[in-house]
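Written below as structure tokens is the structure these notes are about.
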Amino acid sequence: MTDLSGRHGLVVGVANKRSIAWAIAQRLAGCGVRLALTYADERLGENVRALAASLDAPLILPCDVTSDDQVRAVYGEIGEAFGSLDYLVHAVAFAPRAELTGRFLDTSRDGFRIALDVSVYSLIALARGAAPLMRGQGAGSVLTLTYLGARRVFPNYNVMGVAKAGLEATVRYLAADLGPENIRVNAISAGPIRTLASAGISGFSDILQVYRDRAALKRNVDAGEVAEAAFFLLTSATAITGECLAVDAGYNIMGM
Ligand code: NAD
Ligand code: IMJ
83 MTDLSGRHGL
93 VVGVANKRSI
103 AWAIAQRLAG
113 CGVRLALTYA
123 DERLGENVRA
133 LAASLDAPLI
143 LPCDVTSDDQ
153 VRAVYGEIGE
163 AFGSLDYLVH
173 AVAFAPRAEL
183 TGRFLDTSRD
193 GFRIALDVSV
203 YSLIALARGA
213 APLMRGQGAG
223 SVLTLTYLGA
233 RRVFPNYNVM
243 GVAKAGLEAT
253 VRYLAADLGP
263 ENIRVNAISA
273 GPIRTLASAG
283 ISGFSDILQV
293 YRDRAALKRN
303 VDAGEVAEAA
313 FFLLTSATAI
323 TGECLAVDAG
333 YNIMGM
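Taken in order, the sequence shown gives residues 83 to 338; the numbers are from the numbering used here.
Right, dumping it as structure tokens:
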């Protein structure tokens, strides 16, 4: 296995053992990457601390991505403990529950603002904090998670689709901005996976079934498969930036 000891990563978006971010964290840590993991609130902090016990002494830090102060504090701690950063994983999305049901037409101004702030602006804020620590050592790689709802309409995805479209555009603008410093920025568009972010979404089982029926590979994907593609984009795809890679068992390529 690739030896990445001496490298450092920040993974934002671990909530529990099903989180896509957790699968990516495990993949990186398995190759010797020293990690910082953040948690959104104290309730999730306990989960993250328990999971982290299986990793090699990671930094565990609070980070509500809507707080500039908390984002600044995270990079302060990483600067002190690591001195540099190689990888940033952004696996964060949130819209108020009420926005993920009913008509898109009824999207509230507040719901729109919150969804775009948490799910899109957070990538800009986190990339800005990471850049000096990546620049200092001549390279870096940023990865975020998106969904096909950015490009096609899915029932109830609503304002999150608009947020993911903004996120995918943000990947391109950040890639252009940070490219001259050899910092790459990419996205993975994952197929539907049962996680906290899909729990309680009405019709989610139906969506999994539709993917299983229609995807080229006639099956769903798991977080480990997303993590493998994430590992590739983060650690070895040295000429890939500004891209969105589908890890969806070939669902998006099908016409019917
Ligand atoms: P998850 O619930 O495990 O992860 C979402 C994370 O966002 C959680 O850790 C949560 O704490 C965090 N978060 C929400 N608001 C936050 C805030 N204000 N500050 C900091 N963190 C905050 O679910 P997941 O499915 O692993 O989601 C990770 C990413 O993958 C998301 O961007 C999601 O849109 C994307 N994605 C998920 C699927 C799927 O079907 N599960 C498919 C494609 C893309
Ligand atoms: C979420 C809602 C509706 C349809 C959905 C999803 N489909 C998929 C998801 C088809 C795959 C999961 N996904 C890709 C997301 O990005 C989820 C984001 C999300 C989930 C919640 C649930 C709890 C809550 N707010 C949320 N905000 C964003 O209160």
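For every residue, glycine included, the Cβ atom is placed at its ideal position computed from N, Cα and C. Fair warning: this is a prediction, and the values are worked out from it, not measured in the lab.
Remark: three or more beta-carbon pairs, one from each stretch, lie closer than 8 angstroms, so the stretch 84-104 and the stretch 127-134 are flagged as touching. About 5 angstroms separates the Cβ atoms of residue 106 and residue 309, confirming a contact at the 8 angstroms cut-off. By alpha-carbon distance to residue 110, the top candidate from 225, 294, 214, 198 is 225. Distance from the CA atom of residue 206 to the CA atom of residue 299, rounded to whole angstroms, is 34 angstroms. Rounded to the nearest angstrom, the gap between the Cα atoms of residue 152 and residue 265 is 23 angstroms. The beta carbon of residue 316 sits closer than 6 angstroms to those of 169, 223, 225, all from its chain and outside the five residues before and after it, given in chain order. Spatial neighbours of residue 275 in its own chain (CB-CB distance under 7 angstroms, excluding positions within 5 residues in sequence) are listed in chain order as 102, 303, 304, 305. In the structure shown, residue 321 falls within a coil segment according to DSSP collapsed to helix, strand and coil. In the DSSP assignment, residue 214 falls within the alpha helix (DSSP H) that extends over 204-217. Judged by pairs of C-beta atoms under 8 angstroms, the stretch 144-164 touches the stretch 115-122, as three or more such pairs exist. By the C-beta criterion, the stretch 183-203 is judged to be in contact with the stretch 224-241, since at least 3 inter-stretch pairs fall below 8 angstroms. DSSP places residue 235 in the coil class of the three-state scheme, outside both helix and strand. Counting only residues whose CB is nearer than 6 angstroms to a non-hydrogen atom of the ligand IMJ, the list in chain order is 175, 176, 177, 179, 182, 229, 236, 238, 239, 242, 274, 279, 280, 283, 289. One thing to note: residue 176 has its Cβ within 8 angstroms of the Cβ of residue 201. Looking only at 295, 190, 323, 296, the smallest Cα-Cα distance to residue 254 is reached by 323.
Secondary structure note for residue 198: its alpha helix (DSSP H) is the uninterrupted segment 191-198. As a beta-bridge residue in DSSP terms, residue 265 pairs with 222.
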